[in-house]
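Enquirer:
Protein chains: 2
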Amino acid sequence: VALLFYSEDDDPAAWGEALRRRLPDLDFRVWPEAGDPEDIDAALVWLPPSGMLAGLPRLKAVFSLAAGVDAMLRDPTLPDLPLCRMVDRSLTTTMGEYVLACVLWYHRSFDRYEAQQREARWQLHLPSPPEATVVGIMGMGELGAHVAGVLREQGFGVRGWSRTLKRVEGVTSFAGPEQLAEFLQPVGILVCLLPLTAETENMLDARLFGLLPRGARLIQVARGRHLVDEDLIAALNSGQLGHATLDVMRQEPLPERHPFWRHPQIRLTPHSASYSQPESGAEPVAENLRRLREGRPLLHVVDRRRGY
Amino acid sequence: VALLFYSEDDDPAAWGEALRRRLPDLDFRVWPEAGDPEDIDAALVWLPPSGMLAGLPRLKAVFSLAAGVDAMLRDPTLPDLPLCRMVDRSLTTTMGEYVLACVLWYHRSFDRYEAQQREARWQLHLPSPPEATVVGIMGMGELGAHVAGVLREQGFGVRGWSRTLKRVEGVTSFAGPEQLAEFLQPVGILVCLLPLTAETENMLDARLFGLLPRGARLIQVARGRHLVDEDLIAALNSGQLGHATLDVMRQEPLPERHPFWRHPQIRLTPHSASYSQPESGAEPVAENLRRLREGRPLLHVVDRRRGY
Chain A
1 VALLFYSEDD
11 DPAAWGEALR
21 RRLPDLDFRV
31 WPEAGDPEDI
41 DAALVWLPPS
51 GMLAGLPRLK
61 AVFSLAAGVD
71 AMLRDPTLPD
81 LPLCRMVDRS
91 LTTTMGEYVL
101 ACVLWYHRSF
111 DRYEAQQREA
121 RWQLHLPSPP
131 EATVVGIMGM
141 GELGAHVAGV
151 LREQGFGVRG
161 WSRTLKRVEG
171 VTSFAGPEQL
181 AEFLQPVGIL
191 VCLLPLTAET
201 ENMLDARLFG
211 LLPRGARLIQ
221 VARGRHLVDE
231 DLIAALNSGQ
241 LGHATLDVMR
251 QEPLPERHPF
261 WRHPQIRLTP
271 HSASYSQPES
281 GAEPVAENLR
291 RLREGRPLLH
301 VVDRRRGY
Chain B
1001 VALLFYSEDD
1011 DPAAWGEALR
1021 RRLPDLDFRV
1031 WPEAGDPEDI
1041 DAALVWLPPS
1051 GMLAGLPRLK
1061 AVFSLAAGVD
1071 AMLRDPTLPD
1081 LPLCRMVDRS
1091 LTTTMGEYVL
1101 ACVLWYHRSF
1111 DRYEAQQREA
1121 RWQLHLPSPP
1131 EATVVGIMGM
1141 GELGAHVAGV
1151 LREQGFGVRG
1161 WSRTLKRVEG
1171 VTSFAGPEQL
1181 AEFLQPVGIL
1191 VCLLPLTAET
1201 ENMLDARLFG
1211 LLPRGARLIQ
1221 VARGRHLVDE
1231 DLIAALNSGQ
1241 LGHATLDVMR
1251 QEPLPERHPF
1261 WRHPQIRLTP
1271 HSASYSQPES
1281 GAEPVAENLR
1291 RLREGRPLLH
1301 VVDRRRGY
């Protein structure tokens, strides 16, 4: 089998090595050194250049390096072939690490100390015990439930909100628009892990921020279109929100002139919270390559109408 | 029993409440409202004003709010009475939280993203799995061993160095000056938790930084006098060190004109990494107050010659 790799964000050498350990006879090629396009059976890609996949006449399947394929589905040149999303343990564990890092950082007032450092001001903020820090998670799917468990293990108070009620051990659960205000009322740190749908688009807005306690912090690790950018800036400037960590933006890379870059209460990371590490992510890809070779049905094929 | 409280960094109301829950008849007074100095049997203090304790004629014991009493012992007006250091679970757990927050922050490249944000630069750094991040802990006493356990639980690679060899499960252990270079060689994040002694003073210097891999990060949570300030700045400027988080300084509060305040690769916190929370810290104090009332020997009395 010949597999063509493309990603600006992932390491081709590490993926090639991890895949060849599982499939020693794999013909692994890295764009643009694709060789004869007729050879290529499958592509392992993240946001390939428009038309790249359409130029592969014998392509049989496309494997996404990411779990969310909404951006790839927007490319009109994407061939009408099975598209498989990444399902991988490291997607979940890396998200857990990222959110834990941010929650501990806020819990121990590093955002306030950063502001004080700019003024050379020495002032202690007594840390409360972790159970007194209430973290609210919006979106209690696979990622949300894992993050809740990681935070519970560190002793934080955790509550979850989702469209339909999800029961997770040790987590106070809320569902639907009618319970949103009750959910948000004591939340000192809000984590957004919602899927992007018509209902959740623009959900992080002035009204929602107004339902949080004054000075709450935001960790936004879902999709840029959940957030109304101007409302975030207004909430930070008024003190309604204390600080925000944003890993996702409406436009990525974030344009250089966007005010988020220079806001002192915003910490930006370049969509780095969660992703697949070759060591664990190679296994589901290898399994699908075996299935492709043997003509068996592929796993994790996206339903294009639903979008996931 | 009448107890006089003094601290600029701790909340007298929370301590009074936590102590009175254990000793309902406690006469709890907060400096400067001490009432008749003749009444006071004991003092619960952190860095009291010089001479304050000497003005209490019937004082029988001094309880420190901190574990390290080196600063209090330097006060020549400290009365020659039993001085008890704080021994409290929350001292250890708060230190574990702080170091974990910093290690996760470095592991997930938040220091690099902070630097990139200043230049509006969007560039991803692939996170490695936690076992590939090697954290070195100098000082493997009670705090060091606890921190090692917290980091092990998150999957980090942990090695420890101390004066005499300490065996801690899952931690590669080194001891003495002759093993220092071997200990430091793969350490990407160095945590200083050493006691301050003649041998460890100024130990964090250019020579030691030169034994770390280029770009290593430092978490300094021990005592300001372990660190040669100018050597840290030189190592950051040359790129030998990538970033430093400092919770302790030679002079606290750090003077406003000190270059640490404004160095872009230094994160300062105001000696906030570890301390006693009233809820758990009140128990050992209450126990010593009971012992004082009943004439039994006090616990955790400092040996003034050793200094701890």
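For the protein sequence lines, the chains are A and B, in the order given. Its first residue numbered 1, the first sequence is counted upward by one per residue in this note's numbering. Its first residue numbered 1001, the second sequence is counted upward by one per residue in this note's numbering. Backbone N, C-alpha and C define an ideal beta-carbon position, used for all residues, glycine too. Predicted, not measured: the structure shown is a model, and the values here were computed from it.
Going by the CB atoms, is the gap between residue 18 of chain A and residue 278 of chain A shorter than 7 Å?
Expert: As a position in the first sequence, residue 278 of chain A is number 278, starting the count at 1. As a position in the first sequence, residue 18 of chain A is number 18, starting the count at 1. Yes, these two residues count as a Cβ contact at 7 Å.
Enquirer: Hey, residue 184 of chain A and residue 224 of chain A are a contact pair by Cβ (cut 8 Å); roughly how many whole angstroms apart?
Expert: One-based indexing of the first sequence puts residue 184 of chain A at position 184. One-based indexing of the first sequence puts residue 224 of chain A at position 224. Residue 184 of chain A to residue 224 of chain A, Cβ: 21 Å. No contact.
Enquirer: Relative to chain B, which residues along the segment 66 to 78 of chain A have a C-beta separation below 9 Å, given in chain order?
Expert: If the cut-off is 9 Å between Cβ atoms, the segment 66 to 78 of chain A has nothing near chain B.
Enquirer: Identify the residues that DSSP records as bridge partners of residue 1063 of chain B: which are they?
Expert: Indexing the second sequence from 1 puts residue 1063 of chain B at position 63. According to DSSP, residue 1063 of chain B bridges with B:1044 and B:1084.
Enquirer: Output yes or no for whether 7 Å exceeds the beta carbon distance between residue 1266 of chain B and residue 1102 of chain B.
Expert: For the purposes of this step, residue 1266 of chain B is taken as the residue at position 266 of the second sequence. For the purposes of this step, residue 1102 of chain B is taken as the residue at position 102 of the second sequence. Not closer than 7 Å, so no.
Enquirer: Which residue marks the beginning of the alpha helix (DSSP H) containing residue 1280 of chain B, and which one marks its end?
Expert: Stepping through the second sequence from its first residue, residue 1280 of chain B is reached at position 280. Element bounds for residue 1280 of chain B: 1278 to 1294.
Enquirer: Residue range of the alpha helix (DSSP H) that residue 116 of chain A falls in?
Expert: On the first sequence, residue 116 of chain A is found 116 positions in, with the first residue counted as 1. Where residue 116 of chain A is concerned, the enclosing alpha helix (DSSP H) stretches over 110 to 118.
Enquirer: Taking all protein chains shown into account, decide if residue 1268 of chain B is buried (16 or more other Cβ within 10 angstroms of its Cβ) or exposed.
Expert: In the second sequence, the residue the question calls residue 1268 of chain B occupies position 268. Buried, because 16 or more other Cβ atoms sit within 10 Å of the Cβ of residue 1268 of chain B.
Enquirer: Kindly indicate the opening and closing residues of the alpha helix (DSSP H) around residue 1245 of chain B.
Expert: Position 245 of the second sequence, counted from the first residue, corresponds to residue 1245 of chain B. First-last for residue 1245 of chain B: 1241 to 1246, but that is the beta strand (DSSP E), not the alpha helix (DSSP H).
Enquirer: Give a yes or no on whether the minimum CB-CB distance between residue 1256 of chain B and chain A is below 7 Å.
Expert: Within the second sequence, numbered from 1, the residue matching residue 1256 of chain B stands at position 256. Yes, because at least one Cβ of chain A sits closer than 7 Å to the Cβ of residue 1256 of chain B.
Enquirer: Can you tell which of A:162, A:55 and A:31 has the C-alpha that lies nearest to the C-alpha of residue 181 of chain A?
Expert: Indexing the first sequence from 1 puts residue 181 of chain A at position 181. If we check each option's Cα against that of residue 181 of chain A, A:162 comes out closest.
Enquirer: Please report the residue range of the beta strand (DSSP E) in which residue 1161 of chain B lies.
Expert: Position 161 of the second sequence holds residue 1161 of chain B. Segment 1157 to 1162, the beta strand (DSSP E) holding residue 1161 of chain B.
Enquirer: Would you list, in chain order, the members of the segment 88 to 105 of chain A that have their beta-carbon closer than 8 Å to a beta-carbon of chain B?
Expert: Under the 8 Å Cβ criterion, the segment 88 to 105 of chain A contributes 90, 94, 97, 98, 100, 101, 104 and 105.
Enquirer: Which whole-angstrom value describes the C-beta separation of residue 1052 of chain B and residue 1064 of chain B, a residue pair presumed to lie in contact below a C-beta threshold of 8 Å?
Expert: Position 52 of the second sequence, counting from 1, holds the residue named residue 1052 of chain B. Position 64 of the second sequence, counting from 1, holds the residue named residue 1064 of chain B. That pair is no contact at about 14 Å.
Enquirer: Leaving out five residues before and five after residue 1281 of chain B in sequence, what residues of the same chain have Cβ atoms less than 7 Å from its Cβ?
Expert: Within the second sequence, numbered from 1, the residue matching residue 1281 of chain B stands at position 281. Excluding residues within five positions, the ones whose Cβ falls inside 7 Å are 1086, 1088 and 1090.
Enquirer: Taking the continuous beta strand (DSSP E) assigned at residue 52 of chain A, which residues delimit it?
Expert: Indexing the first sequence from 1 puts residue 52 of chain A at position 52. Where residue 52 of chain A is concerned, there is no enclosing beta strand (DSSP E), given that its DSSP letter is neither H nor E.
Enquirer: With a cut-off of 7 Å, does the C-beta of residue 1113 of chain B fall near any C-beta of chain A?
Expert: Against the second sequence, residue 1113 of chain B aligns to sequence position 113. Judged by the 7 Å Cβ criterion, residue 1113 of chain B is in contact with chain A.
Enquirer: Cα separation between residue 1057 of chain B and residue 1036 of chain B?
Expert: Indexing the second sequence from 1 puts residue 1057 of chain B at position 57. Indexing the second sequence from 1 puts residue 1036 of chain B at position 36. Between residue 1057 of chain B and residue 1036 of chain B, the C-alpha separation is close to 10 Å.
Enquirer: Compile a chain-ordered list of the residues in the segment 1263 to 1278 of chain B whose CB is closer than 9 Å to at least one CB of chain A.
Expert: Hits within the stretch, in order: 1266, 1267, 1268, 1269, 1270, 1271, 1272, 1273, 1275 and 1277.
Enquirer: Would residue 1000 of chain B be called buried (16 or more neighbouring beta carbons within 10 Å of its own) or exposed?
Expert: This structure does not reach residue 1000 of chain B, given that chain B is present from 1001 up to 1308, and the question cannot be answered.
Enquirer: Between which two residues does the beta strand (DSSP E) harbouring residue 1028 of chain B extend?
Expert: Here residue 1028 of chain B corresponds to residue number 28 of the second sequence, with the count starting at 1. Residues 1027 to 1030.
Enquirer: By how many angstroms is the C-alpha of residue 249 of chain A removed from the C-alpha of residue 240 of chain A?
Expert: By one-based count along the first sequence, residue 240 of chain A stands at place 240. By one-based count along the first sequence, residue 249 of chain A stands at place 249. The straight-line gap from Cα to Cα measures roughly 21 Å.
Enquirer: What residues of chain A sit near residue 1009 of chain B, judged by a beta carbon separation below 9 Å?
Expert: Within the second sequence, residue 1009 of chain B is the residue found at index 9, counting from 1. 124 and 126, listed in chain order.
Enquirer: Just curious, the beta strand (DSSP E) that residue 217 of chain A is in, first and last residue?
Expert: For the purposes of this step, residue 217 of chain A is taken as residue 217 along the first sequence, with counting starting at 1. Per DSSP, residue 217 of chain A belongs to the beta strand (DSSP E) from 216 to 220.
Enquirer: Over the uninterrupted alpha helix (DSSP H) stretch that includes residue 188 of chain A, give me the two end residues.
Expert: Along the first sequence, one-based indexing puts residue 188 of chain A at 188. Residue 188 of chain A -> no alpha helix (DSSP H), and no H or E assigned at all.
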